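Residue numbering for the sequence shown follows this note's numbering, starting at 454 and increasing by one per position.
C-beta: ideal position from N, C-alpha, C; glycine also.
Note that the coordinates shown come from a computational prediction; the quantities given were computed from them, not determined experimentally.
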Amino acid sequence: MNKFARLLLGILSFIFSNICYSKNNISVEYTVRSLQSNAQSDGIELYKLVLRDGYSSYYKFNILESEKPKNVVKKELERVIKENDFLIKDYKSKNIVFKSNSSFVKDKIVKDSMNLINWKINTTVSINILGYDCYKATGNFRGRNYTAYYTPKIPKADGPFKFSGLPGLILKISSDDNYTSFEATKIDLGDNNTYPIYPDEFKKKLILFKDYVNLVKKSCKQQLKEIYAKIPQSDDNIQMKIDITFLEKTLQIEQN
């Protein structure tokens with residue numbers, strides 16, 4: 454087979470793969486390990502990424518979700534949307550929309566940007582995850598350096614949390630300072646769930662990420678002020694330093 458034929462075959466294979474995957478919903482379950490204060494006692498949480506035509510959703514889920522009847526799953530998802538962080542990547546607009554329910558800012562729908570990472574790809578380094586050959590990529594995202602592994606076999610430029618922009622689905626990613634890590638534990642290439650996963654409220658009443666950052670900083674300062682105010686006057690000589698750390702370490706502001 455000559456070079457032109459191999460190139461043509463590769464292009465046709467890539468197009469066919471995209472067509473096949475675009476017709477099916479893909480769901481990926483991730484184990485998330487984090488040093489964040491809102492994580493469980495063992496520092497491990499379970500999240501699901503659901504990729505559909507035009508957008509994806511990322512949310513915390515119950516490990517028994519797959520064993521429940523569909524009507525129960527739907528109610529569970531509605532509860533997740535209401536009570537937990539819920540994140541949408543809109544492929545057409547290149548925007549990320551998420552609901553913040555942190556202790557600092559609650560019930561705000563925030564618009565952020567996709568593709569914020571300038572990835573460096575190294576195809577000479579690969580590992581196998583769940584039967585998929587994955588290639589290495591590195592990049593910096595808001596103050597932390599990350600190492601990711603993506604698979605071109607699933608040609609979706611997406612991944613857990615806000616991570617995206619690689620020529621294949623990210624199955625594993627971790628920060629170099631060990632603050633957090635995400636690793637796929639299950640992949641379903643034919644997720645048949647039909648319940649809506651793009652809440653109507655996510656399409657209106659949005660605030661920009663830069664305004665969200667200002668709200669977080671304002672809330673942090675206020676909460677710290679209240680903590681310091683509770684220190685007895687007789688303990689003036691006590692020096693107390695409180696560190697508030699976020700996954701998005703710098704919380705730098707991009708124009709959305």
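Return helix, strand or coil for residue i, following the three-state DSSP convention.
| i | result |
| --- | --- |
| E701 | coil |
| F467 | Reliability fails at F467, whose pLDDT of 44 lies under 50, so the model's placement of it is uncertain and no value is given. |
| Y508 | strand |
| K625 | strand |
| L677 | helix |
| L488 | coil |
| N478 | strand |
| A610 | coil |
| E520 | Any reading at E520 must be qualified, since the residue scores a pLDDT of 48, below 50, and its modelled position is unreliable; the value itself is stated next. DSSP places E520 in helix when its eight states are reduced to three. |
Do residue j and residue i count as a contact pair if the criterion is CB distance below 9 Å?
| i | j | result |
| --- | --- | --- |
| A601 | G584 | no |
| L569 | K552 | no |
| Y599 | G592 | yes |
| S480 | L504 | yes |
| K615 | D565 | yes |
| V563 | Y665 | yes |
| S672 | F557 | yes |
| Y544 | S509 | yes |
| G618 | K702 | no |
| I684 | K625 | no |
| T576 | K589 | yes |
| P620 | I582 | no |
| D547 | Y511 | It should be pointed out that residue 547 corresponds to Lys in this sequence rather than to Asp. Their beta carbons are not under 9 Å apart, which means K547 does not touch Y511 by this criterion. |
| I640 | E482 | yes |
| L716 | I660 | As shown, the chain starts at 454 and ends at 709. That puts residue 716 outside it, with no answer to give. |
| L700 | Y632 | yes |
| E636 | S628 | no |
Could you pull the start and end residues of the beta strand (DSSP E) that residue i belongs to?
| i | result |
| --- | --- |
| A590 | 585-594 |
| A601 | 597-604 |
| V558 | That residue, V558, is in no beta strand (DSSP E); it is neither H nor E in DSSP. |
| F655 | Unbroken run through F655: none, as it is neither H nor E. |
| N581 | 573-582 |
| I660 | 659-661 |
Verify the contact flag: residue i, CB atom, against every heavy atom of the ligand ZN, threshold strictly below 8 Å.
| i | result |
| --- | --- |
| G643 | Ligands displayed in this structure: none; no statement on the ligand ZN is therefore possible. |
Name the one or two DSSP bridge partners that residue i has.
| i | result |
| --- | --- |
| A637 | Y483 |
| Y500 | Y483, K513 |
| N548 | D543, S566 |
| S617 | S617 pairs with nothing; no bridge assigned. |
| S717 | The first residue shown for the chain is 454 and the last is 709, placing residue 717 beyond what the model contains. |
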